[in-house]
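Protein chains in written order, with the working numbering: chain A, 3 to 239; chain B, 66 to 232. Glycine included, every Cβ here is placed at the ideal spot set by N, Cα and C.
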Amino acid sequence: MSGLLLPLGIGIAFGFTLERAGLGNARKLTGQFLLTDLTVFKVMFSAIVTAMLGLFWLSRMGWIDLNAIAIPETYLRPQLAGGLVFGAGFALAGLCPGTSCVAAASGRGDGAAVVAGLFTGILASGLTIPLFIDFYDSDARGAWTLPSLLHLPYGTVVLGIAIVAIAGFIAAERIERRTAPRERGNGERMTRIRVAVAAMALLVAAVAAVARTPDAPNQSGGARKPAPTLYKPASGC
Amino acid sequence: MKYSDPYLSGVALGLVLLGAFVFAGRGLGASGAFAATATGTVAAVAPDYAASNPYFGRYLARPGGPWREWLLTEIIGVVIGGFVSAALAGRLRRSVERGRGVSPGSRLAIAFLGGTMMGVGATLARGCTSGQALTGGALLSVGSWTFMLAAFAAGYAVAPAVKRMWQ
Numbered sequence: 003m004s005g006l007l008l009p010l011g012i013g014i015a016f017g018f019t020l021e022r023a024g025l026g027n028a029r030k031l032t033g034q035f036l037l038t039d040l041t042v043f044k045v046m047f048s049a050i051v052t053a054m055l056g057l058f059w060l061s062r063m064g065w066i067d068l069n070a071i072a073i074p075e076t077y078l079r080p081q082l083a084g085g086l087v088f089g090a091g092f093a094l095a096g097l098c099p100g101t102s103c104v105a106a107a108s109g110r111g112d113g114a115a116v117v118a119g120l121f122t123g124i125l126a127s128g129l130t131i132p133l134f135i136d137f138y139d140s141d142a143r144g145a146w147t148l149p150s151l152l153h154l155p156y157g158t159v160v161l162g163i164a165i166v167a168i169a170g171f172i173a174a175e176r177i178e179r180r181t182a183p184r185e186r187g188n189g190e191r192m193t194r195i196r197v198a199v200a201a202m203a204l205l206v207a208a209v210a211a212v213a214r215t216p217d218a219p220n221q222s223g224g225a226r227k228p229a230p231t232l233y234k235p236a237s238g239c
Numbered sequence: 066m067k068y069s070d071p072y073l074s075g076v077a078l079g080l081v082l083l084g085a086f087v088f089a090g091r092g093l094g095a096s097g098a099f100a101a102t103a104t105g106t107v108a109a110v111a112p113d114y115a116a117s118n119p120y121f122g123r124y125l126a127r128p129g130g131p132w133r134e135w136l137l138t139e140i141i142g143v144v145i146g147g148f149v150s151a152a153l154a155g156r157l158r159r160s161v162e163r164g165r166g167v168s169p170g171s172r173l174a175i176a177f178l179g180g181t182m183m184g185v186g187a188t189l190a191r192g193c194t195s196g197q198a199l200t201g202g203a204l205l206s207v208g209s210w211t212f213m214l215a216a217f218a219a220g221y222a223v224a225p226a227v228k229r230m231w232q
């Protein structure tokens with residue numbers, strides 16, 4: 003029983019946050035693809051950068067062991083193909099798997115239709131897997147990370163992603179001002195100040211990350227390749 | 066009630082993800098819960114077939130079986146959390162979110178089709194926006210970033226069709 007409380011609690015926090023951000027609303031998610039409302043990008047990249055910096059610093063302080071965290075394994079070509087099919091479906095549905103559950107939970111019929119479609123698609127894929135199992139299991143690269151792909155220290159990649167995200171946030175605010183000028187008013191200045199403060203905090207954290215990264219891959223932060231004994235493969239999704 | 070600031074929501078979501086990493090040793094997910102449900106359903110109908118099927122068989126082989134899958138419990142939490150948040154904000158309402166260009170029936174059909182495509186894509190990619198883009202993104206997995214960039218590229222490629230639906 004206690005084993006169920008942790009995923010249940012994490013799920014409740016996950017669903018609550020998605021709904022608060024408006025991501026149970028297909029209209030809002032669709033705005034990402036029409037470039038009228040870039041909430042999806044802003045939420046996703048704020049979340050990725052927050053968790054990425056948190057992981058980096060917690061491991062640097064020696065409070066967590068990165069090897070104990072399951073890194074999704076890379077199957078390059080299947081994931082490229084899967085991403086293309088998934089993205090087209092995402093734009094059509096206006097919801098992704100997690101957000102469709104939130105949409106359905108808040109009473110939206112289109113959310114329930116996406117949930118039913120997801121189940122159908124995964125069931126059909128499973129039933130027909132013998133036809134494409136070779137492709138499904140092809141191009142396996144194990145737990146492959148950007149630092150080892152780019153031959154850069156962990157902290158440098160963290161800094162790079164933080165900079166790209168901040169540039170993306172600035173671009174997103176500019177694009178929204180052009181495509182959806184109506185909703186803006188005196189809230190705009192506040193948003194910009196908040197973005198600026200958050201961006202600076204991110205940069206300071208990320209620059210500090212690099213400054214304190216010696217070129218020592220065996221330090222906790224550099225050890226991105228999992229030790230076989232500790233590594234447990236990520237399950238499913 | 067207005068939706069929360071996207072950056073603050075994103076930081077909150079990042080802290081939830083970080084909490085999952087620290088306390089559960091794994092990230093968030095969504096499509097895996099559907100995979101577990103499909104596996105459990107097939108196994109209930111045809112147990113021998115499910116065990117011999119390479120996709121369902123791998124899920125069945127996990128300790129506890131498909132109904133005890135971590136992501137299934139988590140997604141039940143997502144539904145509860147989404148419901149509670151919408152209720153507190155006065156946003157619980159039976160509706161079909163759609164543009165003026167399509168009838169409610171067409172919107173549901175397109176949503177179902179989009180969901181089916183995402184199911185196929187998430188199977189191939191071994192995860193979705195939660196398990197790959199968010200979780201694998203923060204863990205700097207090359208496959209996860211590949212998935213994320215491919216998904217957004219394809220999303221923008223079909224955007225003209227989407228635009229007509231939502232006008």
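- About 4 Å separates the CB atoms of Gly179/B and Leu94/A; that is less than 8 Å, so the two are in contact.
- Using a Cβ distance threshold of 8 Å, Gly17/A and Gly147/B count as a contacting pair.
- The shortest CA-to-CA distance from Phe99/B to any of Gly79/B, Ser195/B, Gly84/B is the one to Ser195/B.
- For the pair Ala101/B and Leu214/B, the Cα-to-Cα distance works out to about 26 Å.
- With a 10 Å radius around the Cβ and a threshold of 16 neighbouring Cβ atoms, Trp135/B comes out buried.
- Here DSSP, grouped into helix, strand and coil, assigns Ser61/A to helix.
- In this structure, the straight-line span from the alpha carbon of Arg29/A to that of Phe35/A is close to 10 Å.
- Between Ala203/B and Ile50/A, the C-beta spacing is below 8 Å.
- Contiguous alpha helix (DSSP H) elements confined to the segment 59-126 of chain A occur at 78-95, 99-107, taking only those with 4 or more residues.
- When Cβ-Cβ separations below 8 Å define contact, Leu204/B makes contact with chain A.
- Following the DSSP letters along the chain, one finds Ala142/A inside the beta strand (DSSP E) bounded by residues 142-144.
- Shortest Cα-Cα distance from Leu6/A to any of Asp70/B, Val81/B, Ala89/B, Arg172/B involves Ala89/B.
- At a Cβ-Cβ threshold of 8 Å, Ser74/B and Val42/A do not count as neighbours.
- Within the same chain, Cβ atoms closer than 8 Å to the Cβ of Ala23/A are found at Thr41, Val45, the five residues on either side in sequence being excluded.
- At least one beta carbon of chain A lies nearer than 8 Å to the beta carbon of Arg163/B.
- Annotation: Cβ neighbours of Gly123/A in chain B (cutoff 7 Å, chain order): Gly180, Thr181, Met182, Met183, Gly184, Val185.
- Here Ser160/B carries a strand assignment [DSSP, helix/strand/coil].
- Fully enclosed alpha helix (DSSP H) runs of no fewer than 4 residues occupy 96-110, 112-117, 119-125 of the segment 86-150 of chain B, in order along the chain.
- Looking at the DSSP output, Ser209/B sits in no beta bridge, so it has no partner there.
- The C-beta of Leu157/B comes closer than 8 Å to at least one C-beta of chain A.
- When DSSP states are grouped into helix, strand and coil, Thr181/B belongs to the helix group.
- Residue environment: Phe58/A is assigned as buried (16 or more neighbouring CB atoms within 10 Å of its CB, all protein chains considered).
- If the five residues before and after Glu21/A are omitted, its C-beta is found closer than 6 Å to the C-beta atoms of Val104, all from its own chain and listed in chain order.
- Thr147/A is bridged by DSSP to Ser206/B.
- Residues of the segment 81-100 of chain A that bring their beta carbon within less than 9 Å of a beta carbon in chain B comprise Gln81, Leu82, Ala83, Gly84, Gly85, Leu86, Val87, Phe88, Gly89, Ala90, Gly91, Phe92, Ala93, Leu94, Ala95, Gly96, Leu97, Cys98, Pro99, Gly100, in sequence order.
- Taking the CA atoms as reference points, Ser48/A sits about 8 Å from Pro71/B.
- In this structure, the beta-carbon distance from Leu10/A to Gly142/B falls below 8 Å.
- In this structure, the beta-carbon distance from Thr200/B to Leu82/B falls below 8 Å.
- In the three-state DSSP reduction, Asp136/A falls in the helix class (H, G or I).
- For Gln34/A, the enclosing alpha helix (DSSP H) covers residues 28-36.
- If the five residues before and after Thr38/A are omitted, its C-beta is found closer than 8 Å to the C-beta atoms of Glu178, Thr181, Ala182, all from its own chain and listed in chain order.
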